[in-house]
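Numbering (full-length UniProt numbering), first residue to last: 1 to 136. Backbone N, C-alpha and C define an ideal beta-carbon position, used for all residues, glycine too. Keep in mind the model is a prediction, meaning the values are calculated, not measured. What follows is a single structure, written as structure tokens, with notes after it.
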Amino acid sequence: MEHDSGKGKQVVKSIGKAMQFWRKLEGHDQKDFSEVIGTSRSYVAKLENGHVGVSINRIAEIAEALGISPYTLMRGVPEKEELEALLDLYTDDDLRVTKSEMEDLFCERLRNHRVPREYYIHLLELFRSGKYNRVA
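As structure tokens, then:
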């Protein structure tokens, strides 16, 4: 599926970067993830680099394989430094952030632009207390 230039191309690239982020978080390389979703490694690379478009049905299949919401995949990814902050939380053994919590933090970050580490930790506490409506 080819895509138009401009806004459409930005959306496709954003989805591709999100796919790459969540794939790596799951510990998959392109080859084994391509087998999980029933396609070729080169197609996964093209998707991640924004060189081909992707249907809504395919987004849903990819999200299911990654264990996330299709909406999370379509939201794209934050900038590199923010990704590093999120990954730091995810890999912090003391915090034991679940994948579901990571997805919620990821989506919260995209809603609020720059978010300090302390705010993420505060959100984790709210998520775990049940006093916060989680992001869909």
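Beta-carbon contacts of residue i that lie in its chain and below 8 angstroms, excluding the five residues immediately before and after
i: histidine 28; result: Val36
i: tyrosine 90; result: Leu25, Val97, Met102
i: isoleucine 56; result: Pro70
i: phenylalanine 21; result: Val77, Leu83
i: leucine 123; result: Asp104, Leu105, Glu108, Tyr132
Proximity of residue i and residue j at Cβ, strictly below 8 angstroms
i: isoleucine 121; j: methionine 74; result: no
i: arginine 41; j: lysine 31; result: yes
i: lysine 9; j: glycine 76; result: no
i: valine 44; j: valine 12; result: no
i: lysine 17; j: glycine 67; result: no
Residue i, buried or exposed, once every other Cβ within 10 Å from all chains shown has been counted against 16
i: serine 34; result: buried
i: residue 170; result: Examination of residue 170 is not possible in this model, given that the chain is present from 1 through 136 alone.
i: alanine 60; result: exposed
i: glutamate 118; result: exposed
i: aspartate 104; result: buried
7 angstroms CB neighbourhood of residue i in its chain, flanking five on each side removed
i: phenylalanine 106; result: Thr72, Leu86
i: methionine 19; result: Leu47, Glu48, Ile62, Leu73
i: glycine 6; result: none
i: serine 129; result: none
i: aspartate 94; result: none
i: aspartate 88; result: none
Proximal residues to residue i (C-beta, below 6 angstroms), its chain only, five neighbours per side dropped
i: glutamate 81; result: none
i: alanine 65; result: Val36, Ile37
i: glutamate 125; result: none
Check: residue i C-beta below 7 angstroms from any heavy atom of the ligand PLP
i: alanine 65; result: With respect to the ligand PLP, the structure shown offers nothing to examine, as it has no ligands at all.
Counting only runs of 3+ residues fully inside the segment 1-78, write out the beta strand (DSSP E) ranges in chain order.
Whole beta strand (DSSP E) segments, 3+ residues: zero.
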